[in-house]
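One structure is given below, encoded as structure tokens.
In this note's numbering, the protein residues as written are 2 to 64.
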């Protein structure tokens with residue numbers, strides 16, 4: 002992608018169509034959805050909670 006207009010291009014996915022920028026946003030956000038689900042399941046099993054915020058994760062790595 003070389004231009005902003007490329008992000009606005011519409012691409013089909015089966016019966017669904019969306020802009021390139023929408024697919025990118027989905028990829029970024031969807032991982033957070035799964036991290037939250039996994040964390041909730043682990044807490045229900047009695048495991049201690051874990052921070053799921055990426056910024057906090059990066060902070061921990063530097064300590």
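Glycine included, every Cβ here is placed at the ideal spot set by N, Cα and C.
query: Where residue 44 falls: helix, strand or coil (DSSP); result: helix
query: Alpha carbon of residue 50 to alpha carbon of residue 14, nearest angstrom; result: 36 Å
query: Residues bridged to residue 11 [DSSP beta-bridge criterion]; result: 20
query: For residue 64, the three-state DSSP class (helix, strand or coil); result: coil
query: Residue from 18, 17, 25 with nearest C-alpha to residue 8; result: 25
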